[in-house]
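These notes concern the structure reproduced below.
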Amino acid sequence: MESDKLTEVQIRLTAQRQVLAEMIAAASAGSGALQDWSNRFCGQESFIVSDGQEDPGAVPDEATALEGMFSNEMRKIAEAARARRDSATR
61 MESDKLTEVQ
71 IRLTAQRQVL
81 AEMIAAASAG
91 SGALQDWSNR
101 FCGQESFIVS
111 DGQEDPGAVP
121 DEATALEGMF
131 SNEMRKIAEA
141 ARARRDSATR
């Protein structure tokens, strides 16, 4: 049962990520502040969160792990939006 709930959450997150990516990519074709924001968001290569890499012996705590997950999700959305934006301009 727990596995089913986790699968449902993963599927819902994937769907939401795709919708966000489409919206961000579409905003790139517009004008004004939304286009500017979209272009900045798509242009980001990383969403900086301190992960303790400067100290290889550091053991990440739960808060650091959550920040890393946040950063990864933002990066995935930006990558998907970039891909959609770039394919629309070809």
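Under my numbering, the first residue of the sequence shown is numbered 61, with each subsequent residue one higher. Glycine included, C-beta positions come from ideal geometry on N, C-alpha and C.
Sequence-distant residues of the same chain with beta carbon closer than 8 Å to residue i, five excluded per side
i    : result
D121 : none
Q95  : A87, S88, A89
R77  : E133, K136, I137, A140
Proximal residues to residue i (C-beta, below 7 Å), its chain only, five neighbours per side dropped
i    : result
A138 : F101, C102, Q104
Option nearest residue i by Cα separation, candidates the options
i    : options            : result
W97  : Q76, R150, R142    : R142
T149 : K65, R72, T67, A85 : A85
Close-in-space but distant-in-sequence residues of the same chain around residue i (CB under 6 Å, 5 per side omitted)
i    : result
S147 : none
Integer-rounded CB distance, given that residue j should sit under 8 Å from residue i
i   : j    : result
A75 : R144 : 15 Å between Cβ atoms; not a contact.
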